[in-house]
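All remarks here apply to the structure that follows.
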Amino acid sequence: MSLNTPDVIVIGGGTGGYSTALRAASLGLDVVLVERDKVGGTCLHRGCIPSKAMLHAAELVDGIAEARERWGVKATLDSVDWPALAATRDDIVVRNHKGVEAHLAHAGVRVVRGSARLTGTRTVRVEDVRDDSTPGVHDFTARRGIVLATGSRPRVLPGLTPDGRRVVTSDDALFAPGLPASVLVLGGGAIGVEYASFHRSMGAEVTLVEAADRIVPLEDADVSRHLTRGLKKRGIDVRAGARLLDAEVLENGVRARVRTARGETRTVEAERLLVAVGRAPVTEGLDLAAAGLTADERGFVVPADWSRLETAAAGIHVVGDLLPPPSLGLAHASFAEGLLVAETLAGLASPPVEYAAVPRVTYSSPQTASVGLGEAEARARGHEVDVGTMPLTAVAKGMVHGQGGMVKVVTEAGGGQVLGVHLVGPHVSEMIAESQLIVGWDAQPSDVARHVHAHPTLSEAVGEVFLTLAGRGLHQQ
220 MSLNTPDVIV
230 IGGGTGGYST
240 ALRAASLGLD
250 VVLVERDKVG
260 GTCLHRGCIP
270 SKAMLHAAEL
280 VDGIAEARER
290 WGVKATLDSV
300 DWPALAATRD
310 DIVVRNHKGV
320 EAHLAHAGVR
330 VVRGSARLTG
340 TRTVRVEDVR
350 DDSTPGVHDF
360 TARRGIVLAT
370 GSRPRVLPGL
380 TPDGRRVVTS
390 DDALFAPGLP
400 ASVLVLGGGA
410 IGVEYASFHR
420 SMGAEVTLVE
430 AADRIVPLED
440 ADVSRHLTRG
450 LKKRGIDVRA
460 GARLLDAEVL
470 ENGVRARVRT
480 ARGETRTVEA
490 ERLLVAVGRA
500 PVTEGLDLAA
510 AGLTADERGF
520 VVPADWSRLE
530 TAAAGIHVVG
540 DLLPPPSLGL
550 AHASFAEGLL
560 VAETLAGLAS
570 PPVEYAAVPR
580 VTYSSPQTAS
590 VGLGEAEARA
600 RGHEVDVGTM
610 PLTAVAKGMV
620 HGQGGMVKVV
630 TEAGGGQVLG
640 VHLVGPHVSE
650 MIAESQLIVG
660 WDAQPSDVAR
670 HVHAHPTLSE
680 AVGEVFLTLA
690 GRGLHQQ
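Here the sequence shown stands for residues 220 to 696, numbered as in my numbering.
Here it is as structure tokens:
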């Protein structure tokens with residue numbers, strides 16, 4: 220087969236792109252993956268992986284304080300060696316990057332370095348090729364299809380230009396010089412909350428501003444309430460229902476004016492302003508029109524067939540951050556989308572992605588983890604619901620951790636199927652997999668209640684809520 224006529228061309232080597240390429244190659248398809256930067260994308264190089272590495276370091280810092288103040292362990296923290304911390308973070312990223320490259324090479328995926336644009340429904344032109352091929356312009360024709368996986372970039376605010384030092388986006392926050400003494404975070408979604416949590420653990424004074432009436436506004440209201448309580452307990456100034464009026468970059472920081480939920484104007488000064496107001500799909504340079512496609516008013520490429528993630532141009536599929544809701548803009552959702560598209564291109568019957576059963580996690584302290592519908596959302600969709608809740612401190616392991624938190628389960632009324640599970644507290648990111656299966660398999664409380672949860676664990680609080688909803692609870696009235 221000609222090098223320029225592969226079965227599949229994937230544009231973008233982030234999570235959605237490389238998962239598509241790997242699965243397609245494993246099914247015997249000849250795959251070209253075009254990437255103008257590094258395979259792994261935002262998640263590996265600027266997002267999920269480095270940020271969670273830093274949040275782990277933050278957890279260690281918090282643990283030293285807890286050891287001393289709560290447990291009588293006379294531990295002290297001399298300082299945080301930022302260069303050493305950053306070196307460990309970068310080593311983790313590099314090793315993961317090499318791993319992805321090795322997987323692609325082993326699978327026989329040809330990675331082409333350069334910028335791609337569509338020239339038709341089956342054709343792609345790649346410029347500035349930087350591989351073993353001759354540099355310049357290369358034209359490719361896909362025998363089976365093209366996959367758009369170009370990802371997203373941070374949204375910015377008009378008049379507030381990021382400089383990587385005083386004003387930073389989530390893409391460059393981890394790589395800004397040193398640890399600031401104070402931070403103003405704009406945006407109370409998962410990314411903003413995680414960065415607020417990290418900087419507070421590292422000793423910074425943190426103000427978190429969210430325009431919606433509560434932080435993590437896409438989550439259940441009780442999740443927002445418990446998370447807000449936990450962040451405030453840590454000393455983070457959480458300002459929901461607030462808006463940035465303007466900001467001025469100074470020599471040693473930033474001065475911003477914020478309109479609070481009460482209509483008051485408050486001036487906030489900080490060494491660094493972190494803009495985390497969402498992400499925008501990247502379609503510039505793709506030349507969608509050449510294939511008869513357009514992005515919607517938000518910049519998303521909307522599938523004509525969600526069951527196959529296929530666009531209006533037959534044979535062109537889309538995965539990852541280019542997709543509008545109900546896609547979630549999450550790396551693990553992109554993996555599932557990549558599997559679906561690869562299998563579809565290989566001629567297999569692949570189940571569509573069930574977005575309602577995709578878990579959502581905020582890796583702050585405390586953490587949140589949820590899957591399915593929140594209470595208000597379930598009612599808005601016409602469900603009559605039963606709700607079961609339990610504080611994590613009602614179980615012994617929750618008392619040991621001492622961070623508070625809760626379990627909330629939303630079900631169809633009368634013992635019907637579980638519609639959503641919502642967790643706040645320590646390590647709940649590692650607890651959500653059980654709930655994903657419960658929601659994804661349309662289980663009922665009685666189905667879950669017959670399974671025994673280990674004691675003492677945090678997860679037994681989940682089990683106890685389901686026992687109560689099934690009429691068998693021991694510790695709740």
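Yeah, the Cβ is synthetic: ideal placement off N, Cα and C, and Gly gets one too.
Does the segment 426-445 come close enough to the segment 554-573 to have 3 or more Cβ pairs within less than 8 angstroms?
-> no
Exposed or buried, which one is residue 296 when buried takes at least 16 other CB atoms within 10 Å?
-> exposed
Locate the alpha helix (DSSP H) running through residue 380, then write down its first and last residues.
-> Unbroken run through residue 380: none, as it is neither H nor E.
Contacting residues, own chain, Cβ-Cβ under 6 angstroms from residue 684 (five flanking each side not counted) = 607, 609, 626, 628
Ignore the nearest five residues each way along the sequence and tell me which others in residue 257's own chain have a CB closer than 7 angstroms to its CB.
-> 264, 316
Own chain, CB closer than 8 angstroms to residue 255, minus 5 neighbours either side, in chain order | 332, 333, 334, 335, 347
Out of curiosity, what's the CA-to-CA distance linking residue 582 and residue 261?
-> 17 angstroms
Buried versus exposed call for residue 641 [16 or more other C-beta atoms within 10 Å across all chains shown] | buried
Residues of its chain near residue 457, where Cβ-Cβ distance is below 7 angstroms and the 5 sequence neighbours each way are ignored | 427, 434, 447, 450, 451
Who are the near neighbours of residue 220 in its chain, counting only those whose CB is closer than 7 angstroms to its CB and skipping five residues on each side?
-> Its pLDDT being 49, under 50, residue 220 is placed unreliably in this model, and the value from its coordinates should be taken loosely. Only 249 meet the Cβ criterion.
Alpha-carbon to alpha-carbon, residue 361 and residue 277 = 46 angstroms
Measure the Cβ-Cβ separation of residue 370 and residue 231 and say whether it is below 8 angstroms.
-> yes
Whole-number beta carbon distance between residue 553 and residue 245, since they are thought to touch under 8 angstroms | Contact flag wrong, Cβ pair sits at about 17 angstroms.
Reference residue 400; option with closest CA among 406, 394, 420, 411 | 420
How would you write the range of the beta strand (DSSP E) that residue 631 sits in, first residue to last?
-> 625-631
Would you identify the three-state DSSP class for residue 618, choosing helix, strand or coil?
-> helix
Whole angstroms is fine: what's the gap from residue 631's alpha carbon to residue 689's?
-> 12 angstroms
Minimum length 3: unbroken beta strand (DSSP E) runs contained in the segment 281-333 = 329-332
Residues bridged to residue 359 (per DSSP) | 343
If we count the other Cβ atoms within 10 Å of its Cβ and call it buried at 16 or more, is residue 365 buried or exposed?
-> buried
Does the separation of the CB atoms of residue 439 and residue 593 fall below 8 angstroms?
-> yes
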